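Below is one structure, written out as structure tokens, with a few remarks after it.
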Amino acid sequence: MDLRVTPFDHPDAVKLIDGVQREYVTRYGGPDETPVDPAEFALPQGIFLVGYLDGVPVACGGWRAHETPRPGDAEIKRMYVVESARGKGFARAVLAELERTAREAGHRRAVLETGMKQPEALALYESSGYVGIRGFGHYRHETLSRYYGKELLA
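Numbering-wise (my numbering), the sequence shown opens with residue -11 and increments by one.
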């Protein structure tokens, strides 16, 4: 997989983001309504990655600077792999690159919110060293939401 820094509103990114939103509708009955501004995913305050396999966009994810729950955090958003490319380690590769770029940008911790109806996401984050943290943001009071953080050590 070829990972490329891509604008959040690039057609390939939009196609993948639409895919993750459809996944949320299937699993939770509605899309993720967290307020998102594409500019938040542009350096230096963030980044968005699209993974290509034989020139086809198959995976994505981004981070944006986030001052809650702790100053210096980078929030991981819109992690997604198309169904036909799952189980090949692409999500883990995207996550590792997001962590690396966030650390290089000076962020000390990666944080994220995911849901109980995404067992594969829970397994990915927990096996990648993320631990439970206090809820934050749009879904902080939702019982199906789970919050994770990981220190980004140099």
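Note that beta-carbon positions come from the ideal geometry of N, C-alpha and C, so glycine has one too.
Since we're looking at a predicted model, the values are computed, not measured.
Check: At a cut of 8 Å, does the stretch 73 to 82 reach the stretch 16 to 29 through at least three beta carbon pairs?
Finding: No: the two stretches stay apart, fewer than three of their Cβ pairs being nearer than 8 Å.
Note to self: For residue 80, count the other beta carbons within 10 Å of its own beta carbon; 16 or more makes it buried, fewer makes it exposed. Which is it?
What the structure shows: The residue in question, residue 80, is exposed, as its Cβ has fewer than 16 Cβ neighbours within 10 Å.
Notebook entry, point to check: Of all Cβ atoms in chain D, is any one closer than 8 Å to the Cβ of residue 129?
Noted result: The chain inventory of the structure shown lacks chain D, comprising one protein chain alone.
Check: Between the stretch 114 to 127 and the stretch 52 to 64, are three or more C-beta pairs nearer than 8 Å?
Finding: By the Cβ rule, the stretch 114 to 127 counts as touching the stretch 52 to 64, because three or more pairs are nearer than 8 Å.
Note to self: Based on DSSP bridge pairs, tell me the residues matched to residue 133.
What the structure shows: In DSSP, residue 133 forms a bridge with 103.
Notebook entry, point to check: Taking Cβ to Cβ, would you say residue 46 is nearer than 8 Å to residue 70?
Noted result: In terms of Cβ geometry, residue 46 and residue 70 form a close pair [threshold 8 Å].
Notebook entry, point to check: Since residue 58 is in the alpha helix (DSSP H), which residue starts that stretch and which ends it?
Noted result: Secondary structure note for residue 58: it is in no alpha helix (DSSP H), with a DSSP letter that is neither H nor E.
Check: DSSP beta-bridge partners for residue 68?
Finding: Looking at the DSSP assignment, residue 68 forms a beta bridge with 48.
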